[in-house]
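In the numbering used here, the protein residues as written are 41 to 213. Glycine included, every Cβ here is placed at the ideal spot set by N, Cα and C. Computed from a predicted model, the values in this text were never measured in an experiment.
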Ligand SMILES: CC(C)(COP(=O)(O)OP(=O)(O)OC[C@H]1O[C@@H](n2cnc3c(N)ncnc32)[C@H](O)[C@@H]1OP(=O)(O)O)[C@@H](O)C(=O)NCCC(=O)NCCS
């Protein structure tokens, strides 16, 4: 993440077409980005249990091309730093080219190397087939359905939960 990436985060907050249908949650506070950038560069200690403690990394292609973001945050309520939830949002023009699967595989490698987390998990809407397949390619296992887990587009939606634990075999792609 670099200062120049803030403009892309602000676009995600005001342009629905960049994240619909699954990641658009309505307009966001674009003024929060410079504040967060100044505070910690979007890399909170990974074990933080503070609200809004999501950390961001940029998915960058050659030539410093911004393709999207990946995120991670602690969801271990004991503070034991054992479980991180990850997320991803790519710009529309960079989807369906293998980047999402690769980015989440690299993120998992990074987190298992540089944190003591034992479990990574990801939730996605039940009909978000691209993300489910990308997670499988990144070594995650489909573990179940969480009914009525999230409110989006005017209705409560089921989520599918995927997990990858440290002892799982790494994907061979
Ligand atoms: C979901 C997302 C991260 C997937 O990344 P991606 O780069 O588009 O996906 P990939 O190119 O790595 O493809 C992964 C798999 O999904 C399949 N796929 C990609 N787009 C698809 C689509 N629209 N419908 C069905 N399958 C799709 C690919 O064919 C591939 O499977 P295969 O190897 O068996 O053929 C990306 O599309 C995105 O950012 N979408 C918007 C935000 C979002 O939904 N984030 C996840 C929220 S939980």
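Cβ-Cβ distance between residue i and residue j below 7 angstroms
i	j	result
residue 147	residue 110	yes
residue 195	residue 163	no
residue 160	residue 124	yes
residue 107	residue 144	no
residue 202	residue 180	yes
residue 168	residue 82	no
residue 59	residue 67	no
residue 174	residue 140	yes
Helix, strand or coil at residue i according to DSSP, with G and I counted as helix
i	result
residue 101	strand
residue 107	strand
residue 43	helix
residue 83	coil
residue 122	coil
residue 193	coil
residue 50	helix
residue 57	helix
residue 187	strand
residue 199	strand
residue 117	coil
residue 204	strand
Member of the options whose CA lies at the smallest distance from the CA of residue i
i	options	result
residue 45	99, 155 and 150	99
residue 157	134, 210, 116 and 212	116
residue 208	171, 56, 64 and 176	176
residue 170	185, 187, 188 and 135	135
residue 65	187, 212 and 193	193
residue 166	80, 184 and 154	184
residue 122	142, 137 and 152	152
residue 129	210, 211, 57 and 212	57
residue 138	101, 47 and 154	101
Inter-residue CB distance, residue i and residue j (contact presumed, cutoff 8 angstroms)
i	j	result
residue 93	residue 113	5 angstroms
residue 49	residue 73	5 angstroms
residue 189	residue 182	Actually they do not touch by this definition, with Cβ atoms about 15 angstroms apart.
residue 77	residue 127	No, residue 77 and residue 127 are not in contact; Cβ-Cβ is about 19 angstroms, not under 8 angstroms.
Q) Going along the chain, which unbroken runs of the alpha helix (DSSP H) with 4 or more residues stay wholly within the stretch 130–181? A) As far as the stretch 130–181 is concerned, its whole alpha helix (DSSP H) runs of at least 4 residues are 139–154 and 169–177.
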